[in-house]
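The opening residue of the sequence shown carries number 779 in the numbering used here; numbering runs sequentially from there. We treat Cβ as the ideally placed atom computed from N, Cα and C, and that holds for glycine.
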Amino acid sequence: MGSDNSTGNFIVHLATHRITEESHKRKMNEVRNNNQVLQPRIDEMLRNNPNIKMNRDRKFIGILIKDNRPISICNDEGFIEFIHEFDPNYQIPSDKTVQRLLAEAYNQIKAVLTKIFNENIFSCSITTDLWTARSRFGYIGITCSFIDNDFRFCEAILSIQYVPYPHTGDNICKVLREIISNWNLTGKVLTMTTDNGSNMVRAGKLMTELTRLPCTAHTLQLVVGKGLLPAEILIARAKRLINFFTTPKQTERLLEIQKNTYCSNKEVSKIKSLYYLI
């Protein structure tokens, strides 16, 4: 295209093809907007990345398992604020998701423990206890103790599960055998440590394949409790004396007497020592 060293011909040529300064700006804005749509921000990429989300959810499940925290922690206001301080985009999993992840974690760990039991356990011992929860339902807990091939002492919780009423020795024996069989430990359990409850004693007698051992701590507790029976009156009087001097009224009176009494520092120390001793 001919030119006389001016821009007039170029402007006319561009205008003929409907290319003006305004159309150019409009086109560039469209390109810029399209790029923003096609290129998400980094925080959006992290939030929408399923692998990162799943890894963080598993770490959250680790808090529940390792620290024995309740599932309701995901609804605690303070905990939510703490998490959002680090990552405002992270969404704490719902109760349903938490239960699903806990079930998956249990199945994975069970497979690992079963393999360890098969390869490292020739014999083991279990400790069990049965208690009534606040919901008035009965639960049984079983812990397995063993020495592995490297002569290290190991413990693993086999089960904490609901036991239907009645909690008789026969029912407890049935539940224990089912749990032992479920972990492929049949014939490997040598001893079972329990408290001295009559139902546990009955279950131990029925399980002839192992030896029941009474819990030493529970036995000592019973011994100490019976040994203190003759001193019940003396203990009750001592408790009443302690309760009397630890009430707010008597505490204030003792402090007031101390302030108004002209005595040496040594005497003050004696009064304090007697007060704390009471």
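Here N807 is exposed: its Cβ has fewer than 16 other Cβ atoms, across all protein chains shown, within 10 Å. Assignment of G965 by DSSP, reduced to helix, strand and coil, places it in the coil class. Put simply, the stretch 948-956 touches the stretch 976-987. At least three CB pairs are less than 8 Å apart. Residue state for S801 is assigned as helix, using DSSP reduced to three classes.
In the three-state DSSP reduction, Q1028 falls in the helix class (H, G or I).
Beta-bridge analysis with DSSP links I920 to T906, S937. Three or more Cβ pairs closer than 8 Å define a contact, and the stretch 919-939 meets that threshold against the stretch 889-903. Straight-line measurement puts the Cα of H996 at about 15 Å from the Cα of N977. Distance check between N827 and each of N867, M970, P944 places N867 closest, using alpha-carbon atoms only.
Assignment of beta-bridge partners to P992 by DSSP yields T972. Per the C-alpha coordinates, the member of N896, I870, H862, A793 positioned closest to K831 is I870. Spanning the alpha carbons of R990 and G919 requires a straight line of approximately 16 Å.
A Cβ-Cβ contact shorter than 8 Å links F915 with Y940. Here I887 carries a helix assignment [DSSP, helix/strand/coil]. By the beta-carbon neighbour count (other beta carbons within 10 angstroms, threshold 16), W909 is exposed. The three-state reading of DSSP puts F1022 in helix, counting H, G and I together. Looking from the CA of R930, the closest CA among N898, N1021, L879, P848 belongs to N898. If the five residues before and after P992 are omitted, its C-beta is found closer than 6 Å to the C-beta atoms of N974, all from its own chain and listed in chain order. With a cutoff of 8 Å on beta-carbon distance, S901 and S923 are scored as not near each other.
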